[in-house]
Amino acid sequence: MNLIVRDGLLVTPEYMLRADILIEDGVIKEIGRGLRPPAGFEVLDASGMLVLPGVVDEHVHMREPGLTYKDDFEHGSKAAAAGGVTTVVEMPNTLPPVDSGGRLLEKAGLLKPKAYVDYALYGVVHDGSVDKVKEMLEAGAVGFKVFLGPTTGNIPPPKLSSLVKLMELSEQHGFTVAFHAETHEIVEFFTERYKSQGSSPRLHELARPPLAEAHAIRTIGSIQEMVGGRSLIVHVSSKQALQAVSEFKNRGVQMYAETCPHYLVLSSDDYDKYGALIKVNPPIRGREHAEELVRALNTGLIDTVGSDHAPHSPEEKKAGVWDAASGMPGVQTLLPLMIDLALRGVVDLRRIPLLMARNPARLFKLWPWKGEIAPGSSGDLVVVDPRAEHVIREEDLYYKHKTTPFIGWRLKGRVKYTILRGNIVARDGVVEGRPLGSWIKPVDNMASKRF
Ligand code: DOR
Ligand code: ZN
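Each residue of the sequence shown is one higher than the one before, starting from 22 at the first, in this note's numbering.
Given below as structure tokens:
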């Protein structure tokens, strides 16, 4: 817990600077050149390396409780540590779903002994739980999730009146609501239409058109225009969705957007190669969508990049296109894929600490304890060697089922060390030590409701 990271190139949203970082009792104490560690401090030489804040992944489905045949928190949080993620915000579409204060507390206790990184929890809002939002907040929820479209867990979309109530509460209490923004009825209609047209994996894309995303976003934004509140549109996958988000942002609505690496580095041309392995909701789309998403990362229209880590068993992924489960694991490859894009000049390197640490931490009330390299913040860092290369190998992946398309991909840069509150928890992709992760509740510093 007492560590000095010496002579790395700090990468923050504002500057890149060669400096030492001194972490005492798990907290960043000092940043500067030529710092002298007090006796007993471990020294990590980071010369020639990039030092970024530990990644805050606001979008993981680690499947506990109830779905542990897909994966569990021990495997998932080890994968996070290996990939440079030090905080995960865990999704609530489990069995049972996290839709009450009691279930949230139970889940927090269940995860604790298996946590290799720190974790925070979402509650889920459906018609039956909208009146339990305050109870879930008091239990320690950092935000809420709403599923407007059909996906794993089959949580029904809330009525419009429930959404109004929820956004009123969001305005009042300053929490963020993460939306799976695909309108249910549109997805159902097009799924029925294309089911009769065969079993090509490409049909998944047609069954969930951009219209479903744009329509859902306009519903959410219209409610926010009247009652306020803060939304995060997760896994934005299309140009049309971006267009809808930008309209509301331009009108001053507090709407934020997340995308995921698979929407940036894959396209519908890949269905022939990977089949249902890349079936995910919303779907992987044409290259023109990926290009627009990359542009939006660089211009600030997109605010966060999360993994949407969503593992399933190999049997579930092998079923034909209509029956296969949607989602792929991603927490371990999240940062490596983004670093590769940065080192190839596709994404500005300084946007990574913004999109993958500061912004998610702020949206979910974890900031400035998480998401920042600054005195007083948690000593969570990731050290990356920009000159090394990294080949994604099946045997290095920590989650139970290696159902990822990225095996064999060669990436620029390599995550060398992951540091959680001053402890080195992974070296060269190998997780060390015991589970040191803890449950993080909201930092109550949202004096200003604008983020
Ligand atoms: O493809 C997906 N899988 N999209 C989601 O929204 C949920 C996720 C899951 O939990 O499997
Ligand atoms: Zn998800």
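Virtual Cβ for every residue (Gly too), placed ideally from N, Cα, C.
C-beta atoms of residue i and residue j nearer than 8 Å
i, j, result
"residue 232", "residue 207", "yes"
"residue 412", "residue 367", "no"
"residue 109", "residue 143", "no"
"residue 125", "residue 157", "yes"
"residue 416", "residue 431", "no"
"residue 363", "residue 324", "no"
"residue 198", "residue 181", "no"
"residue 258", "residue 222", "no"
"residue 133", "residue 460", "yes"
"residue 173", "residue 378", "no"
"residue 145", "residue 119", "yes"
"residue 400", "residue 64", "no"
"residue 236", "residue 204", "yes"
"residue 167", "residue 179", "yes"
Residue i beta carbon near the ligand DOR (any heavy atom closer than 7 Å)
i, result
"residue 329", "yes"
"residue 201", "yes"
"residue 347", "yes"
"residue 87", "no"
"residue 301", "yes"
"residue 174", "yes"
DSSP three-state assignment for residue i, whether helix, strand or coil
i, result
"residue 212", "helix"
"residue 476", "The displayed coordinates of the chain run from 22 to 472. Any statement about residue 476 would go beyond what the structure contains."
"residue 76", "strand"
"residue 461", "coil"
"residue 156", "helix"
"residue 330", "strand"
"residue 436", "strand"
"residue 41", "strand"
"residue 277", "strand"
"residue 82", "coil"
"residue 354", "coil"
"residue 453", "coil"
"residue 31", "strand"
"residue 422", "coil"
Option in the options with minimal Cα separation from residue i
i, options, result
"residue 404", "31, 24, 23, 22", "31"
"residue 356", "387, 437, 345", "437"
"residue 289", "319, 171, 230", "230"
"residue 414", "219, 301, 145, 424", "424"
"residue 371", "35, 28, 25, 336", "35"
"residue 427", "434, 383, 354", "354"
"residue 55", "46, 133, 39", "39"
"residue 83", "98, 72, 204", "98"
"residue 296", "237, 224, 358, 41", "224"
"residue 171", "211, 149, 287, 61", "211"
"residue 348", "72, 329, 391, 360", "329"
"residue 215", "342, 422, 443, 80", "342"
"residue 313", "305, 260, 283, 267", "260"
Near the ligand ZN: residue i beta-carbon under 7 Å from a heavy atom
i, result
"residue 37", "no"
"residue 283", "no"
"residue 83", "no"
"residue 255", "yes"
"residue 112", "yes"
"residue 80", "yes"
Interface flag, residue i vs chain D, CB-CB below 8 Å
i, result
"residue 414", "Annotation note: the requested chain D is absent from the structure, which comprises a single protein chain."
Integer Cβ distance of residue i from residue j, believed to fall under 8 Å
i, j, result
"residue 456", "residue 137", "5 Å"
"residue 91", "residue 333", "5 Å"
"residue 85", "residue 115", "6 Å"
"residue 192", "residue 248", "6 Å"
"residue 253", "residue 384", "6 Å"
"residue 27", "residue 67", "6 Å"
beta-carbon residue i near the ligand SAM non-hydrogen atom, thresh 7 Å
i, result
"residue 247", "Only the ligand DOR and the ligand ZN can be found as ligands here, which leaves the ligand SAM out of the picture."
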